[in-house]
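Presented below is the structure to which this report refers.
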Amino acid sequence: MHTALSRPLSRNLILAGLAFFGTVSGFAATTSPAQGAARGGAYVASLAHPLEAPKQQILDGALWRCEGSTCSAPASGGRAVLACNRIARTFGEVARFETPRGELTAEDLTRCNAAQ
6 MHTALSRPLS RNLILAGLAF FGTVSGFAAT TSPAQGAARG GAYVASLAHP
56 LEAPKQQILD GALWRCEGST CSAPASGGRA VLACNRIART FGEVARFETP
106 RGELTAEDLT RCNAAQ
């Protein structure tokens, strides 16, 4: 027996399920791994030597998250060489540093690692 009340309820359940699926999908997209994150507006540093345990550090207002040999943080719009330099001083030698605009040159990486 179907009542007039049961039809809108089932339609609301379907809409709620779709909304939930959209929320979960959006969350999954924003919590993807750091690899390739530079294209999405982040800095990504590859360390020369992996860390023994995951670490987090706030540097110049940005939360850097490091695990293994990969560190990432939202791009601040500041000079990438300076951000790289802070990573090198805090976490160790940087082998590669990606920005939303591309990778640092070998010369910039040398400057990055000079102040360790």
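The opening position of the sequence shown corresponds to residue 6 in the working numbering, with each subsequent residue numbered one higher. All C-beta atoms in this analysis are idealised placements derived from N, C-alpha and C, irrespective of residue type, glycine included.
Ignore the nearest five residues each way along the sequence and tell me which others in F102's own chain have a CB closer than 6 Å to its CB. Taking the first residue of the sequence shown as 1, we reach residue 102 at position 97. Apart from the 5 residues on each side of it in sequence, F102 sits with its Cβ closer than 6 Å to the Cβ of A50, C89, L109 in its chain, given in chain order.
Out of V86, L56, Q61, C117, point me to the one whose CA is closest to R106's CA. Mapped onto the sequence shown, residue 106 falls at position 101. Residue V86 is the option with its Cα nearest to R106.
In chain order, which continuous runs of the beta strand (DSSP E) of length 3 or greater are located wholly inside the segment 71-115? Segments of the beta strand (DSSP E) lying fully in the segment 71-115: 75-79, 99-104.
Please state if the CB of A80 and the CB of T104 are separated by a distance shorter than 9 Å. Walking along the sequence shown from the start, residue 104 turns up at place 99. Walking along the sequence shown from the start, residue 80 turns up at place 75. The answer is yes: Cβ separation under 9 Å.
What is the DSSP secondary structure of A58, counted as helix, strand or coil? Residue 58 sits at position 53 when you count from the first residue of the sequence shown. Here A58 sits in coil by DSSP.
Nearest-angstrom beta carbon gap, L64 and T95 [assumed within contact, 8 Å]: Numbered from 1 along the sequence shown, position 90 holds the residue referred to as residue 95. Numbered from 1 along the sequence shown, position 59 holds the residue referred to as residue 64. Between T95 and L64 the beta-carbon gap is near 6 Å, inside 8 Å, which marks them as a contact.
I want to see whether chain D comes within less than 9 Å of G66, judged by CB atoms only; does it? Looking for chain D here will not work: only one protein chain is present.
I'd like to confirm the pairing. Which residues does DSSP put opposite A47 in its beta bridges? Within the sequence shown, residue 47 is the residue found at index 42, counting from 1. Residue pairing of A47 in beta bridges, as defined by DSSP: P79.
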